[in-house]
Amino acid sequence: MLDGTEDEEKFLAAGIAGLQQNSFYMHRALDSNNLRDALKYSAQMLSELRTSKLSPHKYYELCQFFALRSPFT
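So for the sequence shown, the numbering used here puts the first residue at 1; every next one is plus one.
Put into structure tokens, the structure is as follows:
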């Protein structure tokens, strides 16, 4: 069971890293009024949330990370 927990932590870390990267580029695109790229990066951020590799608890952590860094809240 320890391997599953470690894998889950890796998937969570990868998801958070993806959200951070896409969020950075989305904000840059919004600052330069490039809506096409902003939409592209926001769609990639949403695709990071589509995973079945996380337990409900870890998925909630990923969603909370996304919600706290979303420019729309």
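The beta-carbon is built from N, C-alpha and C at its ideal position, and this holds for glycine as well.
With 16 other Cβ atoms within 10 Å as the buried cut-off, status of residue i
i: Thr-73; result: Residue placement at Thr-73 cannot be trusted, given a pLDDT of 47 that sits under 50; what the coordinates show is reported in the next sentence. The residue in question, Thr-73, is exposed, as its Cβ has fewer than 16 Cβ neighbours within 10 Å.
i: Tyr-41; result: buried
i: Ala-67; result: exposed
Straight-line Cα distance separating residue j from residue i
i: Arg-86; j: Arg-50; result: The structure shown has nothing for residue 86, since the chain only spans 1 to 73.
i: Ser-32; j: Asp-3; result: 44 angstroms
i: His-57; j: Ala-29; result: 32 angstroms
i: Gln-44; j: Leu-54; result: 18 angstroms
i: Leu-62; j: Asn-34; result: 27 angstroms
Where the alpha helix (DSSP H) through residue i begins and ends
i: Arg-36; result: 35-48
i: Lys-53; result: Where Lys-53 is concerned, there is no enclosing alpha helix (DSSP H), given that its DSSP letter is neither H nor E.
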